[in-house]
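To get my numbering, take the position in the first sequence, counting from 1, and add 765.
As structure tokens, the structure follows; a few thoughts come after it.
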Amino acid sequence: MKRGPLLMRMFEAMSGALGPSGWWPAKTPFETAVGAVLAQNTNWGNAAKAMGNIERAGVMDCAALLALTPEALAELIRPAGYFRLKAARLRALLEFVDAACGGDPAALAAWPLETARERLLTVRGVGPETADSILLYAAGLPSFVIDAYTRRILSRHGLAPADAPYDELRDFFMDALPPDAPLYNEMHALIVRVGSAYCKTKSPACRECPLETFGDIHL
DNA sequence: GCCCAGGTGGGTA
DNA sequence: TACCCACATGGG
């Protein structure tokens, strides 16, 4: 089976079992971008606690966050882990968003996709996954997001090696699927939902997984 | 107490 | 280029 139809079958299997995702779990493009940094290598629940702290402090805004001292920002985001590191990364992203997007990352949509991506990648602390998350979920541009769950699911179904380079896996999806942001959005959301519920690091747990019988190769 | 979670960048050979 | 490591909290 060609890759496009295969991926669409995978999409249908997950979508049929789980229903619509309504992702990213943030209210605005700005919150989405903040969340993308806070969630790096971190349980979403912890990132959400940090987001709640920012919200309650009344500083969920580019200028307001930039006005905080690095120490105050770090303290607000402590529950997200790596809080000193992430305070510096978040600040770098905020400076970029302020200078290049007038404080709203949704404005990235005014640029061609790969141009916006290259510029985001110049920000210290923004790697390919964070950049693609912002492009897709905050700016609505069709940039497919590869994360740990995507790697694990592809590799467990024999579709790609787990340690393949990021951009290769991104191309794996983008060469096979039409450049459709809502499709990429929901596909990645479903992958994370399936991955976090069924596809654990240890013990494949494919029983009851919507992808248990997907494709010819599965565990 | 141990393992894990929606990465990234810097250092060393 | 290819590893190896630091970064840190909170839940199961």
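For every residue, glycine included, the Cβ atom is placed at its ideal position computed from N, Cα and C.
Original post:
Between L901 and Y949, is the Cβ-Cβ spacing less than 7 Å?
Top reply: With respect to Y949, L901 sits close: the two C-beta atoms are nearer than 7 Å.
Subject >> beta-carbon A839 near the ligand PLP non-hydrogen atom, thresh 6 Å >> reply: Judged by which ligands are present, the structure shown has none, so any question about the ligand PLP falls away.
**OP:** Assign T880 to buried or exposed, taking buried as 16 or more other Cβ atoms, counted over all protein chains shown, within 10 Å of its Cβ.
**Re:** Exposed: under 16 other Cβ atoms inside 10 Å.
**OP:** To the nearest angstrom, report how far apart A839 and A804 are at their CA atoms.
**Re:** Going from the Cα of A839 to the Cα of A804 covers about 14 Å.
Subject >> Other residues of its chain near L859: CB distance less than 8 Å, five sequence neighbours each side excluded >> reply: Once the five neighbours on either side are set aside, the close Cβ partners of L859 are C827, L830 and L831.
Subject >> Buried or exposed by the 16-neighbour rule on C-beta atoms within 10 Å, applied to M766 >> reply: With fewer than 16 Cβ atoms within 10 Å of its Cβ, M766 is classed as exposed.
Subject >> Which of helix, strand or coil DSSP assigns to K965 >> reply: If DSSP states are grouped into helix, strand and coil, K965 belongs with coil.
**OP:** Can you give me the Cβ contacts of R917 inside the same chain, cut-off strictly under 7 Å, excluding the 5 residues immediately before and after it?
**Re:** If we look at R917 and ignore the five residues flanking it on each side, its Cβ neighbours are A927, G960 and C964.
**OP:** Determine the burial state of T797: buried for a count of at least 16 other Cβ atoms within 10 Å of its Cβ, exposed for fewer.
**Re:** Buried, because 16 or more other Cβ atoms sit within 10 Å of the Cβ of T797.
Subject >> Where C866 sits in the DSSP three-state scheme >> reply: Note: C866 maps to helix in three-state DSSP.
Original post:
At what residue ranges does the region 882–921 contain a whole run of the alpha helix (DSSP H), taking only runs of 4 or more?
Top reply: Here the runs fully enclosed are 893–898 and 913–921.
Original post:
With distances taken between CB atoms, is the gap from A791 to G800 smaller than 7 Å?
Top reply: The Cβ-Cβ distance between A791 and G800 falls below 7 Å.
Original post:
Of the residues L955, T966 and K967, which one's Cα is nearest the Cα of G781?
Top reply: When only C-alpha atoms are compared, the closest one is L955.
Original post:
I think P943 touches P870, with their Cβ atoms under 8 Å apart; what is that distance to the nearest whole Å?
Top reply: So it is not a contact: roughly 24 Å between Cβ atoms.
**OP:** Please report the residue range of the alpha helix (DSSP H) in which S780 lies.
**Re:** It spans R768 to L783 - the alpha helix (DSSP H) in which S780 sits, taken as one unbroken run.
Subject >> Beta carbon of E894 nearer than 7 Å to that of S786 >> reply: E894 is not a Cβ neighbour of S786, given a cutoff of 7 Å.
Original post:
What separation, rounded to the nearest whole angstrom, lies between the Cα atoms of M773 and L855?
Top reply: The straight-line gap from Cα to Cα measures roughly 35 Å.
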